[in-house]
Amino acid sequence: MDSSKVLILNQTFEALQVCTARRAIILLYTGRAERVEDTNRVLRSPSVVVPVPSVIRLHRYVRKPPLQTLSFNKK
242 MDSSKVLILN QTFEALQVCT ARRAIILLYT GRAERVEDTN RVLRSPSVVV
292 PVPSVIRLHR YVRKPPLQTL SFNKK
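Numbering (the working numbering), first residue to last: 242 to 316.
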């Protein structure tokens with residue numbers, strides 16, 4: 242599960258970043274995100290079987306960091 246990567250989307254479905262499956266499952270079970278798409282993999286414990294997500298969407302809006310522009314001259 243450590244090698245699984247999950248795409249995190251903003252509330253408006255903009256791509257924010259990629260995180261680990263562990264972090265994504267924590268976001269899901271704390272109620273901060275919702276599952277958009279799953280992989281075919283599952284995480285098993287003695288009492289629960291959890292599908293590993295491939296894409297999640299945050300419930301709160303998070304601003305995307307602005308792109309840094311390069312200045313081609315020193316003026």
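In this text, a Cβ means the ideal position worked out from N, Cα and C, and glycines have one as well.
Model, not experiment: these values are computed from the prediction.
Check                                                                                                                 : Outcome
Simplified DSSP state of L311, which is helix, strand or coil                                                         : coil
Neighbourhood of P306 by C-beta distance below 6 Å, restricted to the same chain and skipping five residues each side : none
Cβ neighbours of R273 in the same chain (closer than 8 Å, five flanking residues each side left out)                  : L299, H300 and R301
Cβ-based neighbour list, F254, same chain, cut-off 7 Å, excluding 5 preceding and 5 following                         : R298
Through-space distance from S312 to T280, alpha-carbon basis                                                          : 42 Å
Burial state of V247, where buried means 16 or more other Cβ atoms lie within 10 Å                                    : buried
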